[in-house]
Amino acid sequence: MAGMNIAYPFEGHLYINLTNRCTNKCKFCIRFTPSGVDGIDLWLEREPTVEEIKAALIKAEFKTYNEIVFCGYGEPMLRYDAIVEVAKFIRENTAAKIRINTNGHANRAAGKDITPELEGIVDVISISLNAKNAKEYNEICVCDYGEEGFYEMLDFAKKAKRYVPKVVLSVVDTISKEDIEACRKIAEEVGVEYRVRVYSE
Ligand code: SF4
12 MAGMNIAYPF
22 EGHLYINLTN
32 RCTNKCKFCI
42 RFTPSGVDGI
52 DLWLEREPTV
62 EEIKAALIKA
72 EFKTYNEIVF
82 CGYGEPMLRY
92 DAIVEVAKFI
102 RENTAAKIRI
112 NTNGHANRAA
122 GKDITPELEG
132 IVDVISISLN
142 AKNAKEYNEI
152 CVCDYGEEGF
162 YEMLDFAKKA
172 KRYVPKVVLS
182 VVDTISKEDI
192 EACRKIAEEV
202 GVEYRVRVYS
212 E
C-alpha cells in the first residue's frame, strides 16, 4: 500500500525517502519484497516536494540524529536538485553527517555532471558497485543503460571524490570471495573506499 513515509529512523540514523523510481531493477532490491524496510512501507503514493521533505524532517526531530541519509525507496539521486536543497537546510540547522546511498547513475540520468553541486553539503556518498564487471553488473542490476550503467557508476565515483570528502564503493556479501576481492581492486583503482555490506532480507 502506498503512503508518504518520507523520513524514518533506521539503525539509529534518519533516512529520507524521495522517490520510488530507479534506473536499475536489482534482483535483490527491497522494492520487490512485500516487507519494505524493517516493516516500514516505503512505497510513496507520489514524490514529496522539498517543503514536504523539510516538514517531515522537522516532525521526525532530525536535529536529534547524528547522521541523515538520502536513501531509497528508489534511487534518491534521480532527485538530486531536491537533495541539494534539503541538504542545505539540514546543514543550516544541525551538525549531523549527511550521506547519500546511490547507484551512481545521476550524471547519466541528468545528462550532465551534477557532482560539483554536492560540494560542502554532503559528507559521504556510498555507491553500489555490486559486481566486478559490466556484464555481471547488468545481470544483477538489470540496468536501464545496460552494461553502460557499470561504467557510468565508476565515472560518477571518480567525479564525486573531487567534491565529497568520503566516497565509498560497496558490494553485498552475496557475491563470491573472489569477486569481493576483485571489487576491492576496482575501488582501489578508482581511488575511493570499499565496503562489503551484509545482505538483509
Ligand atoms: S539501485 Fe537500489 S533502488 Fe535501484 S533497483 Fe537496485 S537496490 Fe533497488
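According to the numbering used here, the stretch in the sequence shown is residues 12 to 212, in order.
Backbone N, C-alpha and C fix where the C-beta goes; we use that ideal spot for every residue, glycine too.
If you draw a straight line from the Cα of valine 182 to the Cα of lysine 65, it is about 31 Å long. Looking at the backbone, the Cα of glutamate 192 and that of lysine 70 are separated by about 43 Å. Arginine 90 has its CB no nearer than 7 Å to any heavy atom of the ligand SF4. Just measuring C-alpha positions, the residue of Arg208, Glu103, Arg195 and Thr126 sitting nearest lysine 169 is Thr126. A straight-line Cα-Cα distance of about 6 Å links aspartate 184 and tyrosine 210. Membership of alanine 93 in any beta strand (DSSP E) is not indicated; the residue belongs instead to the alpha helix (DSSP H) covering 91-104. By the Cβ criterion, the region 26-40 is in contact with the region 136-156, since at least three pairs of Cβ atoms, one from each stretch, lie closer than 8 Å.
By the criterion of a C-beta distance shorter than 6 Å, lysine 143 is surrounded in its chain by Asp190, Ala193 and Cys194, once the five residues flanking it on both sides are discounted. Counting only residues of its own chain and dropping the five nearest sequence neighbours on each side, isoleucine 136 has a CB closer than 6 Å to the CB of Ile111, Ala171, Val175 and Val178. In the structure shown, the three-state DSSP call for proline 20 is strand.
At least one heavy atom of the ligand SF4 sits closer than 7 Å to the Cβ of asparagine 114.
In the structure shown, threonine 113 adopts extended strand secondary structure according to DSSP, grouped into three states. Residue environment for serine 139: buried (at least 16 other C-beta atoms within 10 angstroms of its C-beta). Within the same chain, Ile17 come within 7 Å of glutamate 63 by CB-CB distance, once the 5 residues on both sides are set aside. Relative to the Cα of tyrosine 76, the nearest Cα in the group Ala106, Ile94 and Phe100 belongs to Ala106. At a Cβ-Cβ threshold of 8 Å, phenylalanine 161 and tyrosine 148 count as neighbours.
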